[in-house]
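Chemist:
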Amino acid sequence: MSGVSRRKLLGLGAAGVAAAGASVAGARMLLDEPAPMPVSAVSALDSVAFYGEHQAGIATPAQDRLHFAAFDVITTKRSELDALLQEWTAAAARMTQGQEAGTFGAVGGVPEAPPDDTGEALGLPASGLTLTIGFGASLFDGRFGLAGRKPAALRELPRFPGDALLPELSGGDLCVQACANDPQVAVHAIRNLARIGFGRVSARYSQLGFGRTSSTSRTQATPRNLMGFKDGTANLKLEDTAMLRDHLWVAEKDGPAWMRGGTYLVTRKIRMHIETWDRTSLAEQEAIFGRDKGEGAPLGLAKEFDEPDFAKKGPDGAPLIGEVAHVRLAHPSSNGGARLLRRGYNYVDGSDGLGRLDAGLFFMSYQRDPHRQFVPVQRALAKNDVLNEYIKHISSGLFAIPPGVRDGGDYWGRALFA
Amino acid sequence: MRTPSVVVTGLLALGALAGCSQDAPSAQPGAAGSAQAGGPIKVAASDTACTVATSEVAAGTSTFAVTNGGTKVTEFYVYAPGDRVMAEVENIVPGLTRELIVELPAGVYETACKPGMVGKGIRGPLKVTGEATPLSADAKLAAATASYQRYVKSQTDALLIKTQEFVDAVKAGEQEKAKALFPVARTYWERIEPVAEIFGDLDPKIDGREEVIEEGMEFTGFHRLERDLWVDKDVSKSGPIADRLMADVKLIVEKANSEKLSPLQLGNGAKELLDEVATGKITGEEDRYSHTDLWDFAANLAGSKASVQALRPVLEERAPDLVKTLDTQFAAAEAALEEHRKGDGWKLHNELSKAELKKLSDAINALAEPVSKIAAVVAK
Numbered sequence: 001m002s003g004v005s006r007r008k009l010l011g012l013g014a015a016g017v018a019a020a021g022a023s024v025a026g027a028r029m030l031l032d033e034p035a036p037m038p039v040s041a042v043s044a045l046d047s048v049a050f051y052g053e054h055q056a057g058i059a060t061p062a063q064d065r066l067h068f069a070a071f072d073v074i075t076t077k078r079s080e081l082d083a084l085l086q087e088w089t090a091a092a093a094r095m096t097q098g099q100e101a102g103t104f105g106a107v108g109g110v111p112e113a114p115p116d117d118t119g120e121a122l123g124l125p126a127s128g129l130t131l132t133i134g135f136g137a138s139l140f141d142g143r144f145g146l147a148g149r150k151p152a153a154l155r156e157l158p159r160f161p162g163d164a165l166l167p168e169l170s171g172g173d174l175c176v177q178a179c180a181n182d183p184q185v186a187v188h189a190i191r192n193l194a195r196i197g198f199g200r201v202s203a204r205y206s207q208l209g210f211g212r213t214s215s216t217s218r219t220q221a222t223p224r225n226l227m228g229f230k231d232g233t234a235n236l237k238l239e240d241t242a243m244l245r246d247h248l249w250v251a252e253k254d255g256p257a258w259m260r261g262g263t264y265l266v267t268r269k270i271r272m273h274i275e276t277w278d279r280t281s282l283a284e285q286e287a288i289f290g291r292d293k294g295e296g297a298p299l300g301l302a303k304e305f306d307e308p309d310f311a312k313k314g315p316d317g318a319p320l321i322g323e324v325a326h327v328r329l330a331h332p333s334s335n336g337g338a339r340l341l342r343r344g345y346n347y348v349d350g351s352d353g354l355g356r357l358d359a360g361l362f363f364m365s366y367q368r369d370p371h372r373q374f375v376p377v378q379r380a381l382a383k384n385d386v387l388n389e390y391i392k393h394i395s396s397g398l399f400a401i402p403p404g405v406r407d408g409g410d411y412w413g414r415a416l417f418a
Numbered sequence: 419m420r421t422p423s424v425v426v427t428g429l430l431a432l433g434a435l436a437g438c439s440q441d442a443p444s445a446q447p448g449a450a451g452s453a454q455a456g457g458p459i460k461v462a463a464s465d466t467a468c469t470v471a472t473s474e475v476a477a478g479t480s481t482f483a484v485t486n487g488g489t490k491v492t493e494f495y496v497y498a499p500g501d502r503v504m505a506e507v508e509n510i511v512p513g514l515t516r517e518l519i520v521e522l523p524a525g526v527y528e529t530a531c532k533p534g535m536v537g538k539g540i541r542g543p544l545k546v547t548g549e550a551t552p553l554s555a556d557a558k559l560a561a562a563t564a565s566y567q568r569y570v571k572s573q574t575d576a577l578l579i580k581t582q583e584f585v586d587a588v589k590a591g592e593q594e595k596a597k598a599l600f601p602v603a604r605t606y607w608e609r610i611e612p613v614a615e616i617f618g619d620l621d622p623k624i625d626g627r628e629e630v631i632e633e634g635m636e637f638t639g640f641h642r643l644e645r646d647l648w649v650d651k652d653v654s655k656s657g658p659i660a661d662r663l664m665a666d667v668k669l670i671v672e673k674a675n676s677e678k679l680s681p682l683q684l685g686n687g688a689k690e691l692l693d694e695v696a697t698g699k700i701t702g703e704e705d706r707y708s709h710t711d712l713w714d715f716a717a718n719l720a721g722s723k724a725s726v727q728a729l730r731p732v733l734e735e736r737a738p739d740l741v742k743t744l745d746t747q748f749a750a751a752e753a754a755l756e757e758h759r760k761g762d763g764w765k766l767h768n769e770l771s772k773a774e775l776k777k778l779s780d781a782i783n784a785l786a787e788p789v790s791k792i793a794a795v796v797a798k
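Order-wise, the sequence lines are chains A and B.
Start counting the first sequence at 1; every next residue gets the next number (this note's numbering).
Start counting the second sequence at 419; every next residue gets the next number (this note's numbering).
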């Protein structure tokens with residue numbers, strides 16, 4: 001059983017592989033980049049390539065489910081951390097291809113030993129699983145001799161008005177984003193990585209997301225957030241090759257060298273006051289977002305992807321899209337052209353003990369320089385967005401996302417530890 | 419003429435309010451030449467009685483002269499059915515007489531004194547006789563906003579007085595007195611907060627919490643002084659902040675009273691006040707240093723009700739079932755809060771268990787749902 005693809009267990013192989021092959025060719029033409037590279041799984045069940053210039057799970061069409069985890073490194077030995085990253089990489093390369101975490105698997109080892117895969121994904125296909133690692137600023141604090149290698153872009157985010165950040169849900173030395181089209185597959189991946197890490201890392205917090213809120217490909221429809229709106233229509237998409245180069249991937253001149261082809265991830269857990277939002281009138285909800293709720297079109301226009309006309313005035317002489325409407329404040333034209341690749345997920349963490357849903361958006365955005373892209377947008381939103389009455393930022397994270405793992409001889413962060 | 423009925427309540431325990439108002443403000447300039455033949459109707463208010471000289475008046479303008487012979491600060495109200503405030507006079511300190519002028523169409527009303535400014539008050543009947551002209555739909559809406567604007571006026575009058583007392587105590591370094599006055603002054607603010615929020619730049623200066631302060635802006639207002647009093651326990655350097663609070667309150671009161679409100683704003687304001695309770699007070703975030711959130715809770719609830727009651731004639735005509743639901747849910751929310759009364763005030767937020775807070779949260783959600791339907795009824 002060892003090394004057996006979980007998907008093959010299901011007998012779903014051939015058609016999916018052929019479809020995935022077609023998508024590789026198509027996407028390669030669009031992106032004009034050398035293979036191998038992370039591409040979309042055509043079917044929700046298929047695997048996404050693990051090896052490539054960039055890590056998968058960023059410009060990959062957003063999967064439906066998320067399990068995000070942040071870890072504190074508890075070992076003080078650089079060699080142990082380095083070894084962990086190699087072990088994680090090997091397990092990630094297997095799991096993303098629908099295989100078990102270890103070589104013997106859930107049932108293939110000796111009976112006296114605990115299995116090297118926890119087993120809850122047995123029989124499940126790869127489900128588009130991607131695993132994406134990030135390094136937090138605290139990893140560069142000197143414990144591992146990395147202080148001199150910290151990218152300037154990883155400096156602390158400023159405090160934004162209204163921030164109610166919980167330290168226990170913020171930061172972290174390492175993060176792993178697991179995205180998949182099956183929640184069990186995403187959870188399985190984080191669980192097995194956490195297990196491999198025992199003694200070297202400790203889970204700081206983790207977050208389940210049950211519904212994607214962004215589309216990262218033109219082939220995907222824009223989904224809705226828990227407020228019922230399409231948000232992030234102007235998202236960077238994998239087809240926008242030139243824009244990804246300008247706004248997403250770290251270039252050589254940005255430095256440091258180990259980050260070339262990488263990017264930066266900002267996470268913000270945004271609690272929504274669902275109950276008060278739900279008793280807000282439709283007109284007010286639409287005015288707050290600056291979009292109509294049904295189609296998602298900017299107010300005054302017909303279609304979602306119509307470019308917002310911020311100058312257009314209503315019969316009363318006031319702009320149709322208000323001065324503090326979300327779409328205006330967040331739009332690139334209001335932020336010096338700053339663009340983000342948003343990849344957030346809706347979350348519900350049960351109820352809060354006060355009879356209210358503990359729910360909101362686990363916001364994630366990838367960008368080339370968070371201080372020039374995320375920060376100005378969030379500054380404008382925190383200051384003026386009328387949406388603030390219905391939301392609260394309760395966690396924050398900033399991670400350097402290293403470039404992709406090239407092949408079986410490479411591993412996450414190798415260039416950093418070299 | 420019938421004898422006015424007098425309801426006697428038990429003596430309320432002396433709480434924070436009892437000793438807080440020593441300086442008597444000058445009496446409101448009364449209408450000496452009242453339309454009422456024979457001068458104003460005398461009201462003798464005490465801690466246990468509310469004796470109104472007459473229980474029947476003619477339709478039109480009436481003037482009441484309320485004398486507080488008791489030991490507690492009192493208020494006097496004229497209510498239409500459903501506790502719709504027709505007129506009120508606040509902050510009548512012991513020994514003082516204040517006048518209240520009110521225009522009443524024919525109908526049945528209640529008078530009420532509220533010694534200690536709490537509870538339903540000592541009630542008595544008031545019958546108004548004469549010609550009653552039914553209002554047109556528009557006139558009813560106009561009457562609603564006028565009624566609410568009277569409420570704003572009365573609240574802002576008291577806000578000015580109580581904020582001044584609070585500010586004076588801070589500047590005099592009288593920390594205990596200032597702490598007792600803090601939730602009282604805020605009561606008048608919290609009752610009309612949606613009106614204050616119309617003036618976006620002033621609201622955060624007066625009521626901004628520490629975390630919402632933007633870069634380059636100083637943390638000022640009530641919550642800054644709250645922190646000085648409860649956390650730093652030092653107000654020796656708080657004088658300039660106190661002065662600024664007073665100046666900002668004066669400015670916003672002036673603006674609030676010159677603002678023309680729409681019936682839709684009344685409906686939305688009622689909902690927003692409950693949203694304030696749901697997001698800020700239940701969680702204890704509003705008054706995080708003093709934990710006096712329940713005072714604000716009570717004030718938000720009262721303000722929401724005042725707004726709804728101003729719209730009541732319109733709602734009764736257009737959505738009678740909604741009015742019944744509102745009455746039930748307002749009563750339920752008030753009853754849920756009432757369990758946490760302590761003296762003339764309220765328990766501290768951190769004295770309530772999570773289960774007790776959940777009960778309050780549920781009551782507010784149950785009330786806010788029907789309240790959120792008002793705006794659409796008004797807009798019909």
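Every residue gets a Cβ at the ideal spot worked out from N, C-alpha and C, and that includes glycine.
Fair warning: this is a prediction, and the values are worked out from it, not measured in the lab.
For Ala728 of chain B, which residues in the same chain have their Cβ closer than 8 Å to its Cβ, ignoring the five residues on either side in sequence?
Modeler: Here residue 728 of chain B refers to the residue found at position 310 of the second sequence. Residues Arg502, Val503, Ala562, Thr563, Ser565, Tyr566, Tyr569 and Leu684 of the same chain have their beta carbon placed closer than 8 Å to that of Ala728 of chain B, with the five preceding and five following residues left out of the count.
Chemist: How far does the alpha helix (DSSP H) with Leu620 of chain B in it reach, from first residue to last?
Modeler: To locate residue 620 of chain B, count along the second sequence from 1; it is residue 202. It spans Leu620 to Asp625 - the alpha helix (DSSP H) in which Leu620 of chain B sits, taken as one unbroken run.
Chemist: Can you tell me which of the three DSSP states Ala754 of chain B falls into?
Modeler: Locating residue 754 of chain B in the second sequence gives position 336, where the first residue counts as 1. If DSSP states are grouped into helix, strand and coil, Ala754 of chain B belongs with the helices.
Chemist: Check the DSSP bridge columns for Arg769 of chain B and list the partner residues they point to.
Modeler: Taking the second sequence and counting its residues from 1, one reaches residue 769 of chain B at position 351. The amino acid occupying residue 769 of chain B in the given sequence is Glu; Arg does not appear at that position. Answer is none; Glu769 of chain B lacks a bridge partner.
Chemist: Beta-carbon within less than 7 Å of Asp173 of chain A's beta-carbon, same chain only, minus the 5 sequence neighbours each way: which residues are those?
Modeler: Start at 1 with the first residue of the first sequence, and residue 173 of chain A comes out as number 173. Counting only Cβ-Cβ distances below 7 Å, and skipping sequence neighbours, we find Phe71, Asp72, Val73, Gly136, Ser138 and Leu139.
Chemist: For Met272 of chain A, which of helix, strand or coil comes out of DSSP?
Modeler: Locating residue 272 of chain A in the first sequence gives position 272, counting from the first residue. Note: Met272 of chain A maps to strand in three-state DSSP.
Chemist: Can you tell me the Cα-Cα spacing of Gln220 of chain A and Ala62 of chain A, whole angstroms?
Modeler: Here the question's residue 220 of chain A lines up with position 220 in the first sequence. Here the question's residue 62 of chain A lines up with position 62 in the first sequence. So the alpha carbons of these two residues sit roughly 8 Å apart.
Chemist: So that I know if they touch, is there some Cβ in chain A lying closer than 8 Å to that of Ser779 of chain B?
Modeler: Reading the second sequence from its first residue, position 361 is the one you call residue 779 of chain B. Chain A, which has a Cβ nearer than 8 Å to the Cβ of Ser779 of chain B, makes this yes.
Chemist: Interface residues of chain A around Thr697 of chain B at Cβ under 7 Å?
Modeler: As a working mapping, residue 697 of chain B is identified with position 279 in the second sequence. By Cβ distance, chain A contributes His273 and Thr276.
Chemist: So which of B:Lys777, B:Asp646, B:Lys623 and B:Pro738 has the shortest CA-CA distance to Leu669 of chain B?
Modeler: Walking along the second sequence from the start, residue 669 of chain B turns up at place 251. Residue B:Lys623 holds the alpha-carbon nearest to the alpha-carbon of Leu669 of chain B among B:Lys777, B:Asp646, B:Lys623 and B:Pro738.
Chemist: Kindly say whether Gly317 of chain A, judged by its beta-carbon, lies nearer than 8 Å to any beta-carbon of chain B.
Modeler: Here residue 317 of chain A refers to the residue found at position 317 when the first sequence is read from its first residue. Gly317 of chain A is outside the set of residues whose beta carbon lies under 8 Å from a beta carbon in chain B.
Chemist: Quick check on Asp693 of chain B - is its C-beta less than 8 Å from some C-beta in chain A?
Modeler: Start at 1 with the first residue of the second sequence, and residue 693 of chain B comes out as number 275. Output row for Asp693 of chain B: interface = yes.
Chemist: Quick check: is any heavy atom of the ligand SAM less than 7 Å from the C-beta of Thr216 of chain A?
Modeler: Although the ligand SAM was asked about, the structure shown includes no ligands whatsoever.
Chemist: May I have the straight-line CA-CA distance separating Leu620 of chain B from Ser334 of chain A, to the nearest angstrom?
Modeler: As a first step, residue 620 of chain B is located in the second sequence; it is residue number 202 there, counting from the start. As a first step, residue 334 of chain A is located in the first sequence; it is residue number 334 there, counting from the start. C-alpha separation (whole angstroms): 25 Å.
Chemist: Give the straight-line distance between the Cα atoms of Pro332 of chain A and His326 of chain A, rounded to the nearest whole angstrom.
Modeler: Mapped onto the first sequence, residue 332 of chain A falls at position 332. Mapped onto the first sequence, residue 326 of chain A falls at position 326. Approximately 12 Å, taken between the alpha carbons.
Chemist: Looking only at its own chain, which residues have a Cβ that is under 6 Å from the Cβ of Glu275 of chain A, when we skip the five neighbours before and after it?
Modeler: As a first step, residue 275 of chain A must be located in the first sequence, where it is residue number 275. Cβ neighbours of Glu275 of chain A beyond the five flanking positions: Arg356.
Chemist: When you compare the CB of Glu704 of chain B with every CB in chain A, is at least one pair closer than 8 Å?
Modeler: Here residue 704 of chain B is taken as the residue at index 286 of the second sequence, counted from 1. Interface flag for Glu704 of chain B against chain A is unset, since no Cβ pair is found closer than 8 Å.
Chemist: Using the beta-carbon of each residue, which ones in chain A are nearer than 7 Å to Asn783 of chain B?
Modeler: Numbered from 1 along the second sequence, position 365 holds the residue referred to as residue 783 of chain B. Here the neighbours are Glu275 and Gly355.
Chemist: Pick out whichever of B:Val470, B:Ile610 and B:Arg662 has its Cα sitting closest to the Cα of Leu679 of chain B.
Modeler: Numbered from its first residue, the second sequence carries residue 679 of chain B at position 261. The closest CA to that of Leu679 of chain B, considering only B:Val470, B:Ile610 and B:Arg662, is found on B:Ile610.
Chemist: For a contact meaning CB atoms closer than 8 Å, what does Ala793 of chain B contact in chain A?
Modeler: Within the second sequence, the letter at position 375 stands for residue 793 of chain B. By Cβ distance, chain A contributes Ser281.
Chemist: Determine the extent of the beta strand (DSSP E) in which Thr479 of chain B is found, giving its start and end residues.
Modeler: Start at 1 with the first residue of the second sequence, and residue 479 of chain B comes out as number 61. Counting along the chain, the beta strand (DSSP E) containing Thr479 of chain B begins and ends at Gly478 to Asn486.
Chemist: Between Gln430 of chain A and Thr233 of chain A, what straight-line distance do the alpha-carbon atoms span, to the nearest angstrom?
Modeler: Lying before the first or after the last residue shown, residue 430 of chain A is absent from chain A, which here runs from 1 to 418.
Chemist: Could you give the C-beta distance for Ala603 of chain B and Phe584 of chain B, rounded to a whole number, given that I count them as a contact under 8 Å?
Modeler: As a first step, residue 603 of chain B must be located in the second sequence, where it is residue number 185. As a first step, residue 584 of chain B must be located in the second sequence, where it is residue number 166. Contact between Ala603 of chain B and Phe584 of chain B holds, since their C-beta atoms are separated by about 4 Å, short of 8 Å.
Chemist: Tell me, which residues are paired with Glu521 of chain B by DSSP?
Modeler: Looking up residue 521 of chain B in the second sequence gives position 103. Paired residue(s): B:Thr479.
Chemist: Can you check which of these residues, A:Leu157, A:Arg291, A:Phe144 and A:Glu295, is closest to Pro370 of chain A by C-alpha distance?
Modeler: The residue labelled residue 370 of chain A in the question sits at position 370 within the first sequence. Checking every option, the nearest Cα to that of Pro370 of chain A belongs to A:Leu157.
Chemist: Determine the direct distance from the alpha carbon of Ala505 of chain B to that of Asp527 of chain B, and round the result to whole angstroms.
Modeler: Looking up residue 527 of chain B in the second sequence gives position 109. Looking up residue 505 of chain B in the second sequence gives position 87. A small fix is needed here, since residue 527 of chain B is Tyr in this sequence, not Asp. Rounded to whole angstroms, Tyr527 of chain B to Ala505 of chain B spans 11 Å at the Cα level.
Chemist: Taking Cβ-Cβ distances shorter than 7 Å, what residues in chain B pair up with Gly162 of chain A?
Modeler: The residue labelled residue 162 of chain A in the question sits at position 162 within the first sequence. Near Gly162 of chain A (Cβ distances below 7 Å), the residues of chain B are Glu629 and Val630.
Chemist: Pull the bridge partners of Ser396 of chain A from the DSSP assignment, please.
Modeler: As a position in the first sequence, residue 396 of chain A is number 396, starting the count at 1. The partner list for Ser396 of chain A (beta bridge, DSSP) reads A:Arg268.
Chemist: Suppose you measure from the CA of Asn483 of chain B to the CA of Gly513 of chain B; what does that come to, to the nearest Å?
Modeler: Position 65 of the second sequence, counted from the first residue, corresponds to residue 483 of chain B. Position 95 of the second sequence, counted from the first residue, corresponds to residue 513 of chain B. Before going on, a small fix: residue 483 of chain B reads as Ala here, not Asn. One C-alpha to the other measures close to 13 Å.
Chemist: Does the beta carbon of Ser725 of chain B sit closer than 8 Å to a beta carbon anywhere in chain E?
Modeler: The chain inventory of the structure shown lacks chain E, comprising the protein chains A and B.
Chemist: What are the boundary residues of the alpha helix (DSSP H) that Tyr431 of chain A is part of?
Modeler: Given that chain A is displayed from residue 1 to residue 418, the structure contains no residue 431 of chain A and the question cannot be resolved.
Chemist: Measure from the C-beta of Lys383 of chain A to each C-beta in chain B and report whether the shortest distance is under 8 Å.
Modeler: By one-based count along the first sequence, residue 383 of chain A stands at place 383. Chain B, which has a Cβ nearer than 8 Å to the Cβ of Lys383 of chain A, makes this yes.
Chemist: What three-state label does DSSP hand Lys230 of chain A in the structure shown?
Modeler: What you label residue 230 of chain A is simply residue 230 of the first sequence in a count that begins at 1. The three-state secondary structure of Lys230 of chain A, taken from DSSP, is strand.
Chemist: Which residue comes first and which comes last in the beta strand (DSSP E) that contains His67 of chain A?
Modeler: Translated into positions along the first sequence, residue 67 of chain A becomes position 67. Looking at the DSSP string, the run of the beta strand (DSSP E) that includes His67 of chain A is Arg65 to Val73.
Chemist: Measuring alpha carbon to alpha carbon, tell me which residue in A:Ala302, A:Arg155 and A:Arg328 is nearest Ala311 of chain A.
Modeler: As a first step, residue 311 of chain A must be located in the first sequence, where it is residue number 311. Among A:Ala302, A:Arg155 and A:Arg328, the Cα nearest to that of Ala311 of chain A is on A:Arg328.
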